[in-house]
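Remarks on the structure that follows.
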Amino acid sequence: MSVDKLDLLLEGMNELRQVTRAILDRQDENDAKLDALTMEVHVLKGDVAQLKVDVAELKEDVAQLKVDVAELKEDVAQLKIDVTELKEGVAQLKIDFAELKDGQNRHERVLETLALRALEWNAYRLDHSRRSV
């Protein structure tokens, strides 16, 4: 083999070494990136697991809120019934009060009439007793 061929072979081997080093460097970079991605995946898995727990808790909370809302709706419906009954009761009380007031007015007129008759009777007796004397 000639010196030129040996130089070519050495040059080719040097190029192959440089390419191999570049490939190894690139592989190290890729390994580091893969390790970082693996770590991120583990973190994300933990986050997803926590999110699943949180979602389950939220579902329970929503279910309880639905029960609470249903109970509140029942309470509101009962309160509406109670308010309607109270309105009817107040209306009846107003009628009863008006009747009592009217009755009181009649009694006052009767008492005034009786007081007037008593005064008239006393005046009549006084006048009659003066005439008799």
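For the sequence shown, my numbering begins at 247 and goes up steadily by one. Yeah, the Cβ is synthetic: ideal placement off N, Cα and C, and Gly gets one too. Owing to the predicted nature of the structure, the values given are computational and were not obtained by experimental measurement.
Rounded to whole angstroms, what's the CA-CA distance from Asp348 to Trp367? Just pull it up for me. Position 102 of the sequence shown, counted from the first residue, corresponds to residue 348. Position 121 of the sequence shown, counted from the first residue, corresponds to residue 367. Rounded to whole angstroms, Asp348 to Trp367 spans 28 Å at the Cα level.
Span of the alpha helix (DSSP H) around Ser375: One-based indexing of the sequence shown puts residue 375 at position 129. From DSSP, the alpha helix (DSSP H) with Ser375 extends over Val249 to Ser378.
Return the CA-CA distance between Asp300 and Ala316, expressed in angstroms with no decimal places. The residue given as residue 300 occupies position 54 in the sequence shown. The residue given as residue 316 occupies position 70 in the sequence shown. Roughly 24 Å between the two C-alpha positions.
Spell out whether any CB of chain C is found under 8 Å from the CB atom of Ile269. Absent here is chain C; the protein component of the structure consists of one chain.
Quick one: Cα of Leu252 to Cα of Thr266, how far? Position 6 of the sequence shown, counted from the start, is the residue given in the question as residue 252. Position 20 of the sequence shown, counted from the start, is the residue given in the question as residue 266. For Leu252 and Thr266, the distance between alpha carbons rounds to 20 Å.
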